[in-house]
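S.K.:
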Amino acid sequence: MRRILFLHGPNLNLLGEREPEIYGHLTLPQVNDQIAALAAKCEVEPIFFQSNHEGQLIDFLQEYRHAVVGLVINPAALTHYSYALRDAIAAVNLPTVEVHLSDIHRREAFRQVSVIRDVCLTQISGLGVESYLRGLEVVLGFLAQQELRKLLNEKTNIDEAYRACVKILKRDFPKYNWVGIYLVEGNELVVHNYIGAPTPHTRIPIGQGICGAAVAEEETIIVADVNADPRYLSCSIETKSEIVVPIQGRRIYGEIDIDSYTPNAFHEHDQKMLEGMAKDLAEFLDANM
Ligand code: SME
1355 MRRILFLHGP
1365 NLNLLGEREP
1375 EIYGHLTLPQ
1385 VNDQIAALAA
1395 KCEVEPIFFQ
1405 SNHEGQLIDF
1415 LQEYRHAVVG
1425 LVINPAALTH
1435 YSYALRDAIA
1445 AVNLPTVEVH
1455 LSDIHRREAF
1465 RQVSVIRDVC
1475 LTQISGLGVE
1485 SYLRGLEVVL
1495 GFLAQQELRK
1505 LLNEKTNIDE
1515 AYRACVKILK
1525 RDFPKYNWVG
1535 IYLVEGNELV
1545 VHNYIGAPTP
1555 HTRIPIGQGI
1565 CGAAVAEEET
1575 IIVADVNADP
1585 RYLSCSIETK
1595 SEIVVPIQGR
1605 RIYGEIDIDS
1615 YTPNAFHEHD
1625 QKMLEGMAKD
1635 LAEFLDANM
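Our numbering numbers the first residue of the sequence shown as 1355 and each following residue consecutively.
(1) Skipping 5 residues on each side, what residues in its chain have a beta carbon closer than 7 Å to that of V1426?
(2) Where M1643 and Q1562 are concerned, what is the direct C-alpha to C-alpha distance, given to the nearest angstrom?
(3) So what's L1425 in DSSP terms, helix, strand or just coil?
(4) Within its chain, find whatever has a CB closer than 8 Å to the CB of A1570; leave out the 5 residues flanking it on each side and keep chain order.
(5) Is it buried or exposed for A1437, if we count other Cβ within 10 angstroms and need 16 for buried?
(6) Measuring alpha carbon to alpha carbon, tell me which of A1578, A1582, P1400, P1584 ends up nearest Q1625.
(7) Do the segment 1608-1624 and the segment 1516-1534 touch if we need at least three Cβ pairs shorter than 8 Å?
(8) Please state whether the Cβ-Cβ distance between A1431 and G1363 is less than 8 Å.
(9) Confirm the yes/no value for this check: CB of E1573, any heavy atom of the ligand SME, distance under 7 Å.
(10) Where R1465 and S1456 are concerned, what is the direct C-alpha to C-alpha distance, given to the nearest angstrom?
(11) Which word fits I1443, buried or exposed, when buried means at least 16 other C-beta atoms lie within 10 angstroms of its C-beta?
(12) For R1322, count neighbouring C-beta atoms within 10 Å of its own C-beta (all shown protein chains included) and say buried if the count is 16 or more, exposed if not.
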């Protein structure tokens, strides 16, 4: 199973009793339990380590550098001054996300600078334990993109690439309950392949539904609450939110469509990853079709 490292910096061992108005009421074991629950659904084995000592964090990261495929780190106060930790993260060259429970940008002036941020994929701050969960999703998103790109470089045929794309997304993102690809055929979108509940919408006229709107408008559409959007064509009564990302190169070839049974399931990092994958598919199509 793929392993991902979760490192917690100084004072995070006191979570729950330490300034709960800033850091929340969860203890560190409770935070780790929530991370472990999501990781299990993503088929990831999490490895946790907390230390109050800069050198111990660096030693642990070095020791595990070949055993893991990614890193989610809450460097705590080290964020703002530890060049040594920054160099260690750069040295191990793992896809890394910097996370913070509190919103460090709304706090003291000394917390406004991160010396860690630019050796990471991104920084996620202010969402409590959700910061870690999104951090895990960003690492998995990076790996998913890498996996698809590798396949495309091996000159897979495009049908296989579409299928692989759906499979990777369904495997790694448990909140993606229905994942499919629709292809443009004339004035219609035709479902190419999907994983999830059978859909009655195997053909959708361009301009209709969220799917048809994304192609007509040539941009990603995120619907946080499908029941509040009059365009929405229902595939399952369990669906609460949806994202549709056009596969657009010289023309629009199709789209990636994802439904979630969780309301408001799709965020900026989902959009960024899916647009990255759609772009790679489109470049392959431009070059080969
Ligand atoms: N919900 C889509 C239709 C496709 S199913 O969700 C798979 C839409 O509104 O276009």
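Beta carbons are placed, not taken as given, at the ideal position from N, Cα and C, and that holds for glycine.
M.R.: Considering the structure as presented:
(1) So the qualifying residues of the chain are I1358, F1360, V1451, V1453, Y1486, G1489, L1490, V1493.
(2) Taking the straight line from one Cα to the other gives about 27 Å.
(3) Here L1425 sits in strand by DSSP.
(4) These residues qualify, in order along the chain: I1560, G1561.
(5) Checking the sequence, you will find Tyr at residue 1437 rather than Ala. With fewer than 16 Cβ atoms within 10 Å of its Cβ, Y1437 is classed as exposed.
(6) Nearest option by C-alpha distance: A1578.
(7) By the Cβ test, the segment 1608-1624 is in contact with the segment 1516-1534, since at least three Cβ pairs between them sit closer than 8 Å.
(8) A1431 places its beta carbon less than 8 Å from that of G1363.
(9) Because no heavy atom of the ligand SME lies under 7 Å away, the Cβ of E1573 does not count as near it: no.
(10) R1465 and S1456 have their C-alpha atoms roughly 11 Å apart.
(11) It counts as buried.
(12) A query on residue 1322 cannot be resolved here, the shown segment of the chain reaching from 1355 to 1643 and no further.
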